[in-house]
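2 protein chains.
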Amino acid sequence: MAQTPDPPVGGLRDRFRAQVRSEVKQIAVRQLADGGPQALSINAIGKELGVSGPALYRYFSSRDDLLTELVVDAYHDLATALATATRGTRRLSAPERLRAFAAAYRDWANTEPHRYRLLFAAPLPGYDAQAARLVAASREAMIVLLDVLAALTPDNGKAGSTDTPLDGQLEHWSHSRELPDVSPALALRAVTTWSRLHGLVSLEIEGNFASMGLDPEPLFDAEVIAILNAST
Amino acid sequence: MAQTPDPPVGGLRDRFRAQVRSEVKQIAVRQLADGGPQALSINAIGKELGVSGPALYRYFSSRDDLLTELVVDAYHDLATALATATRGTRRLSAPERLRAFAAAYRDWANTEPHRYRLLFAAPLPGYDAQAARLVAASREAMIVLLDVLAALTPDNGKAGSTDTPLDGQLEHWSHSRELPDVSPALALRAVTTWSRLHGLVSLEIEGNFASMGLDPEPLFDAEVIAILNAST
DNA sequence: TCGCGTCTGTTAGAGGCTCTAACAAGAGAA
DNA sequence: TTCTCTTGTTAGAGCCTCTAACAGACGCGA
Numbered sequence: 099m100a101q102t103p104d105p106p107v108g109g110l111r112d113r114f115r116a117q118v119r120s121e122v123k124q125i126a127v128r129q130l131a132d133g134g135p136q137a138l139s140i141n142a143i144g145k146e147l148g149v150s151g152p153a154l155y156r157y158f159s160s161r162d163d164l165l166t167e168l169v170v171d172a173y174h175d176l177a178t179a180l181a182t183a184t185r186g187t188r189r190l191s192a193p194e195r196l197r198a199f200a201a202a203y204r205d206w207a208n209t210e211p212h213r214y215r216l217l218f219a220a221p222l223p224g225y226d227a228q229a230a231r232l233v234a235a236s237r238e239a240m241i242v243l244l245d246v247l248a249a250l251t252p253d254n255g256k257a258g259s260t261d262t263p264l265d266g267q268l269e270h271w272s273h274s275r276e277l278p279d280v281s282p283a284l285a286l287r288a289v290t291t292w293s294r295l296h297g298l299v300s301l302e303i304e305g306n307f308a309s310m311g312l313d314p315e316p317l318f319d320a321e322v323i324a325i326l327n328a329s330t
Numbered sequence: 099m100a101q102t103p104d105p106p107v108g109g110l111r112d113r114f115r116a117q118v119r120s121e122v123k124q125i126a127v128r129q130l131a132d133g134g135p136q137a138l139s140i141n142a143i144g145k146e147l148g149v150s151g152p153a154l155y156r157y158f159s160s161r162d163d164l165l166t167e168l169v170v171d172a173y174h175d176l177a178t179a180l181a182t183a184t185r186g187t188r189r190l191s192a193p194e195r196l197r198a199f200a201a202a203y204r205d206w207a208n209t210e211p212h213r214y215r216l217l218f219a220a221p222l223p224g225y226d227a228q229a230a231r232l233v234a235a236s237r238e239a240m241i242v243l244l245d246v247l248a249a250l251t252p253d254n255g256k257a258g259s260t261d262t263p264l265d266g267q268l269e270h271w272s273h274s275r276e277l278p279d280v281s282p283a284l285a286l287r288a289v290t291t292w293s294r295l296h297g298l299v300s301l302e303i304e305g306n307f308a309s310m311g312l313d314p315e316p317l318f319d320a321e322v323i324a325i326l327n328a329s330t
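As given, the protein sequences belong to chains A and B, one line each in that order.
So the numbering used here is basically just the index in the first sequence, starting at one, shifted up by 98.
So the numbering used here is basically just the index in the second sequence, starting at one, shifted up by 98.
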């Protein structure tokens with residue numbers, strides 16, 4: 099469970115505040131797990147904490163605010179899981195690292211499908227307002243992926259000039275996000291990889307493969323192999 | 099807008115009933131479009147129809163029931179759009195048909211993102227109960243895809259014996275769904291294709307590419323080409 | 001054509017939710 | 001010690017879903 103970014107540096111008051119916020123989020127995630135976003139209820143959290151409902155509005159300005167924090171936390175957790183897996187316990191080869199990345203991505207989604215859904219299934223309408231926070235939160239995970247893919251093909255040469263519009267857009271993206279030197283080709287591979295993994299993972303956690311009687315594992319392996327082949 | 103499957107064969111009473119149900123669903127879809135599933139309100143629909151809220155419970159046993167009908171309708175509409183596009187106005191080559199399929203899939207999702215979300219983003223918890231209806235509804239679309247892919251590689255030979263577990267699962271799936279002779283290899287290509295398209299589409303409609311400043315079109319084209327290459 | 005019974009609507013209300021307002025009591029700081 | 005800000009309380013407005021009890025209308029069979 100990720101903590102609020104700002105550490106409880108202040109006095110006792112602040113410390114207590116952070117503690118309560120964390121407890122609320124913990125219960126919120128549990129509610130999310132069994133019942134989806136619509137089951138998240140400030141009132142019910144209050145009851146579970148032995149406190150009146152409105153009391154929690156001292157800690158979160160609204161239900162949507164709470165949900166947004168959960169999204170940001172989820173991004174952090176996912177990024178951490180990916181970074182840990184690709185760093186690995188022992189030295190990993192480049193293809194091994196990609197496999198580890200894919201496996202970690204899938205595992206995280208399967209362990210906490212409700213949180214994965216939170217990241218990619220737009221639980222709130224008109225969420226563009228918060229977009230900035232979320233974009234920042236997703237950056238971490240993207241950096242891990244870019245790192246893994248870069249190792250696969252060291253040729254991250256800036257030779258390829260930006261000829262297609264897409265190349266230009268990719269370049270602009272990596273610059274504006276301040277991503278460590280990323281060629282358009284690499285960026286494209288990252289987007290494709292992410293998209294394919296997300297396709298499989300999201301179908302899996304919604305039970306589409308299960309309802310077809312298919313084991314998702316070999317499907318995953320096949321896609322990872324396809325990605326590896328395309329990346330060399 | 100899809101109709102309720104059963105035609106209004108009965109008397110005037112039934113005809114009226116079907117009419118009201120259709121109107122309710124129409125408004126429901128509009129609510130969905132601006133506000134997501136959580137904005138769908140039986141009460142509000144009643145108000146808009148100039149009728150009290152509880153009146154509508156004569157037509158839909160619950161809010162979730164209404165939502166389920168919307169999901170089924172959406173599946174039908176998507177399948178129809180895919181079938182129409184791949185049939186085409188003029189004779190299409192096999193690769194052209196796949197391109198048409200992918201384009202239609204993407205277009206449908208972009209035109210009605212809220213309904214696409216309904217299909218793949220599990221708006222209701224504990225939805226497995228309804229799974230049977232939904233599985234049946236999705237069959238149509240799958241048949242279109244299988245048909246398109248089969249034309250790409252006429253070698254739909256039953257030569258390939260089922261050696262891997264996945265092959266066996268795929269075979270069992272196509273049999274249990276009563277899909278027109280589908281080899282495991284073809285079934286696998288269908289699943290992969292579907293998964294890749296869904297990955298791109300779902301990221302696109304949630305605005306992930308937009309927030310990266312990327313035009314999804316070339317990304318799509320690249321994936322379609324990759325699918326074509328893998329299928330020949 | 002006539003009455004019957006079903007179907008379709010009504011309101012009342014229970015119980016849930018979010019969120020605001022007004023107020024009480026505490027703990028930390030001066 | 002006193003003051004002030006923080007954190008809690010309850011009341012209540014305004015939503016929601018859904019059930020219950022009841023009233024009226026309309027199609028259908030005789």
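Backbone N, C-alpha and C fix where the C-beta goes; we use that ideal spot for every residue, glycine too.
Computed from a predicted model, the values in this text were never measured in an experiment.
Taking 9 Å as the cut-off between beta carbons, the residues of the region 118-134 of chain B near chain A are Asp-132, Gly-133 and Gly-134, in sequence order. Approximately 6 Å separates the beta-carbon atoms of Val-242 (chain B) and Ala-177 (chain B); this is inside 8 Å, confirming the contact. At a C-beta separation below 8 Å, His-296 (chain A) has these neighbours in chain B: Gly-297, Ser-300 and Leu-301.
Phe-158 (chain A) counts as buried, since at least 16 other C-beta atoms from the protein chains shown sit within 10 angstroms of its C-beta.
Among the residues of the region 180-206 of chain B, none has a Cβ less than 8 Å away from any Cβ of chain A. In this structure Ala-183 (chain A) is in contact with Ala-201 (chain A), their Cβ atoms being roughly 7 Å apart against a cut-off of 8 Å. In terms of beta-carbon proximity, His-174 (chain A) stays away from the interface with chain B, with every pair separated by 8 Å or more.
Taking a C-beta distance under 8 Å as the contact criterion, Ile-325 (chain B) and Arg-294 (chain B) qualify as a contact pair.
In the pairwise beta carbon analysis, the region 288-308 of chain A is classified as touching the region 207-214 of chain A: at least three pairs are separated by under 8 Å.
Non-local beta-carbon contacts of Ala-239 (chain B) in its own chain, meaning distances under 8 Å to residues more than five positions away in sequence, involve Tyr-173, Leu-176, Ala-177 and Leu-180 in chain order. Per the coordinates, the alpha-carbon of Leu-130 (chain A) lies some 22 Å from the alpha-carbon of Val-233 (chain A). Counting other Cβ atoms within 10 Å of its Cβ, Pro-135 (chain A) reaches 16 or more and is therefore classed as buried. By the neighbour-count criterion, in which 16 or more other beta carbons inside 10 Å mark a residue as buried, Asp-245 (chain A) falls on the buried side. Rounded to the nearest angstrom, the gap between the Cα atoms of Gly-305 (chain A) and Gly-311 (chain A) is 10 Å. Listed along chain B, the residues sitting closer than 9 Å to Leu-317 (chain A) by beta-carbon distance are Leu-264, Leu-286, Val-289, Thr-290 and Ser-293. Rounded to whole angstroms, the separation of the alpha carbons of Phe-114 (chain B) and Asp-162 (chain A) is 41 Å.
Val-149 (chain A) sits in coil when the DSSP states are folded into three classes, being neither helix nor strand. By alpha-carbon distance to Thr-251 (chain B), the top candidate from B:His-273, B:Arg-195 and B:Tyr-214 is B:Arg-195. Non-local beta-carbon contacts of Ser-236 (chain A) in its own chain, meaning distances under 6 Å to residues more than five positions away in sequence, involve Tyr-173 in chain order. Around Thr-291 (chain B), the same chain offers Leu-243, Leu-247 and Ile-325 as residues with beta carbons nearer than 7 Å, after the five sequence neighbours per side are excluded. Following the DSSP letters along the chain, one finds Pro-282 (chain B) inside the alpha helix (DSSP H) bounded by residues 282-303. In the three-state DSSP reduction, Phe-114 (chain A) falls in the helix class (H, G or I).
Put simply, the backbone Cα of Arg-287 (chain A) is about 42 Å away from that of Val-118 (chain A). Rounded to whole angstroms, the Cβ separation of Val-127 (chain A) and Arg-213 (chain A) is 7 Å, and the two are in contact under 8 Å. Judged by beta-carbon spacing, Val-322 (chain B) lies beyond the 8 Å limit of Arg-231 (chain B), meaning their Cβ atoms are not closer than that value. For Ser-329 (chain A), the three-state secondary structure derived from DSSP is coil. Listed along the chain, the chain A residues whose CB falls inside 7 Å of the CB of Ser-309 (chain B) are Ala-229 and Val-233. Each residue's CA atom was taken as its position, placing Ser-281 (chain B) and Glu-269 (chain B) some 7 Å apart. Around the Cβ of Leu-110 (chain A), a 10 Å sphere holds fewer than 16 other Cβ atoms; the residue is exposed.
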